[in-house]
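The structure appears right after this line, and notes come after that.
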Amino acid sequence: MTALRFTPLTLTSGLTLKNRLVVPPMASQTADSDGLATEKTFSHYQNLAQSGAGLVMVEYSHINLAGRSETNQLGAHDDACLPGLTHIAKLLHQMDVKTGLQITHCGGKDSAGISSDIMGPSGITVPAYDRVLPTPRTMTVNDINQWQQDFVSAAIRADKAGFDLVEIHCAHGYGINQWLSPLTNQRQDQYGGSVENRARILLEIISKIKQAAPRLTVMTRIPGQDGYPGGLSHADMAQMSQWLVDAGVEILNVSSGIGGWNRPKDKRGEGFLVEDAAPLTGKTAAAVIGVGGIETIDYIETILATKQVDLVAVGRAILAGPSDFATRVMAQPK
Ligand SMILES: Cc1cc2nc3c(=O)[nH]c(=O)nc-3n(C[C@H](O)[C@H](O)[C@H](O)COP(=O)(O)O)c2cc1C
Numbered sequence: 002m003t004a005l006r007f008t009p010l011t012l013t014s015g016l017t018l019k020n021r022l023v024v025p026p027m028a029s030q031t032a033d034s035d036g037l038a039t040e041k042t043f044s045h046y047q048n049l050a051q052s053g054a055g056l057v058m059v060e061y062s063h064i065n066l067a068g069r070s071e072t073n074q075l076g077a078h079d080d081a082c083l084p085g086l087t088h089i090a091k092l093l094h095q096m097d098v099k100t101g102l103q104i105t106h107c108g109g110k111d112s113a114g115i116s117s118d119i120m121g122p123s124g125i126t127v128p129a130y131d132r133v134l135p136t137p138r139t140m141t142v143n144d145i146n147q148w149q150q151d152f153v154s155a156a157i158r159a160d161k162a163g164f165d166l167v168e169i170h171c172a173h174g175y176g177i178n179q180w181l182s183p184l185t186n187q188r189q190d191q192y193g194g195s196v197e198n199r200a201r202i203l204l205e206i207i208s209k210i211k212q213a214a215p216r217l218t219v220m221t222r223i224p225g226q227d228g229y230p231g232g233l234s235h236a237d238m239a240q241m242s243q244w245l246v247d248a249g250v251e252i253l254n255v256s257s258g259i260g261g262w263n264r265p266k267d268k269r270g271e272g273f274l275v276e277d278a279a280p281l282t283g284k285t286a287a288a289v290i291g292v293g294g295i296e297t298i299d300y301i302e303t304i305l306a307t308k309q310v311d312l313v314a315v316g317r318a319i320l321a322g323p324s325d326f327a328t329r330v331m332a333q334p335k
């Protein structure tokens, strides 16, 4: 019998991933100071593709300069980024791998102190366990329109560059997470308050991307929940997921929310975020990705067999040695 990790998966729109392994987006910090990909970026992705994954995600790429959170972060904010992005997509396709570009605005989570204009839905400091983030200014309706335009323009660049998918980063406390979360979005207008209002900015972005780039498959990296009391709950995310899928999202890449992507202190073993993904699996037409400290064949096969997730993301275990991982986990049985 074929091991489950080798079974292909066809998404709603017909895009087929050749197997169930995903390399999640991981910032390589190899871009130049203008956000343009460099030779280091190209060899980084060629290297990751040797893992045997059917889908290799390209790291969080900022949609405008004020949305940057790290120096040497890859950009999708300008047409000048197109040659580099096109080359990354081409290299991955040559290795028979599907690829998606993750796009992001840091909002109030400017980790490096480099954003020229730190903003968020309500001017509330984003809670973080390991640092004190700056207090953002409250966004106006003009700012909302600008973000939407910038996300759509970045998605159009992903489309032009030949990526199969674009992923909107809505997790890990970054900009869109700040809009979804009741901790950081306490607006009184149609973009704040109820779950529906907090999801509005994102749902509008997705509809606009679907109109502007119908070929592109859309995915979202979402929190299964926020890591802070009073934040997004599993129930909120179940509700939002249905709306996301109704708007055209085909993959829900489930990670953590405000508090960041790291392993929670009380979680041991492989799959530390899989229990946050599992409640969403099979509930909509979207495929669900689970992540968190995954590294063994046994664990991967178990969560696929028990239908906790549809796709399995492995980050650091692949980063540590993509071809070693391929030999250990993705060598097809004869
Ligand atoms: C070096 C590094 C960079 C990361 N950059 C991103 C990123 O750009 N976007 C994102 O959504 N997650 C990012 N993450 C989180 C990973 O995608 C993944 O969720 C996390 O590493 C947990 O998976 P793992 O335990 O298999 O590594 C990053 C993680 C690492 C280690």
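Positions in the sequence shown are counted from 1; adding 1 to them yields our numbering.
All C-beta atoms, glycine included, are put in the ideal place defined by N, C-alpha and C.
What does the Cβ neighbour count give for residue i, buried or exposed, with the cut at 16 atoms within 10 Å?
{"i": "R158", "result": "buried"}
{"i": "N146", "result": "exposed"}
{"i": "A279", "result": "buried"}
{"i": "N254", "result": "buried"}
{"i": "E1", "result": "In the structure as shown, the chain starts at 2 and stops at 335, and residue 1 therefore has no counterpart that could be examined."}
{"i": "V275", "result": "buried"}
{"i": "A77", "result": "buried"}
{"i": "E197", "result": "exposed"}
{"i": "P323", "result": "buried"}
{"i": "R1", "result": "Given that the chain is displayed from residue 2 to residue 335, the structure contains no residue 1 and the question cannot be resolved."}
{"i": "Q336", "result": "No answer is possible for residue 336: it lies beyond the span of the chain, which begins at 2 and ends at 335."}
{"i": "I259", "result": "buried"}
{"i": "T328", "result": "exposed"}
Kindly indicate which three-state DSSP category residue i falls into: helix, strand or coil?
{"i": "R329", "result": "helix"}
{"i": "I295", "result": "coil"}
{"i": "M27", "result": "coil"}
{"i": "Q103", "result": "strand"}
{"i": "P224", "result": "strand"}
{"i": "G68", "result": "helix"}
{"i": "T42", "result": "helix"}
Would you check if the distance between the CB atom of residue i and the CB atom of residue j is smaller than 9 Å?
{"i": "Y61", "j": "A28", "result": "yes"}
{"i": "V315", "j": "V57", "result": "no"}
{"i": "G101", "j": "I125", "result": "no"}
{"i": "Q187", "j": "P128", "result": "no"}
{"i": "G114", "j": "M331", "result": "no"}
{"i": "M238", "j": "G225", "result": "yes"}
{"i": "E71", "j": "Q30", "result": "yes"}
{"i": "M96", "j": "Q149", "result": "no"}
Segment contact flag, the region 137–155 with the region 60–80, C-beta cutoff 8 Å, min 3 pairs: Three or more beta-carbon pairs separated by less than 8 Å link the region 137–155 to the region 60–80, which places the two stretches in contact.
Going along the chain, which unbroken runs of the beta strand (DSSP E) with 3 or more residues stay wholly within the region 140–220? For the region 140–220, whole beta strand (DSSP E) runs of length 3 or above, ordered along the chain, are 166–170.
Is there contact here, the region 130–142 with the region 281–290, by at least three beta-carbon pairs under 8 Å? Taking 8 Å as the limit for Cβ pairs, the verdict is that the region 281–290 does not touch the region 130–142.
Would you mind listing the alpha helix (DSSP H) stretches within the region 247–323 that are 4+ residues and don't spill past its ends, in chain order? Taking 4 residues as the shortest admissible run, the region 247–323 contains the following complete alpha helix (DSSP H) segments, listed from N- to C-terminal end: 275–278, 298–306, 317–320.
Does the region 298–309 come within contact of the region 37–56, defined as at least 3 CB pairs closer than 8 Å? Segments in contact, no.
Pair every Cβ in the region 242–249 with every Cβ in the region 207–215, then say whether three or more of these pairs are closer than 8 Å. With the cut-off at 8 Å, the region 242–249 and the region 207–215 touch.
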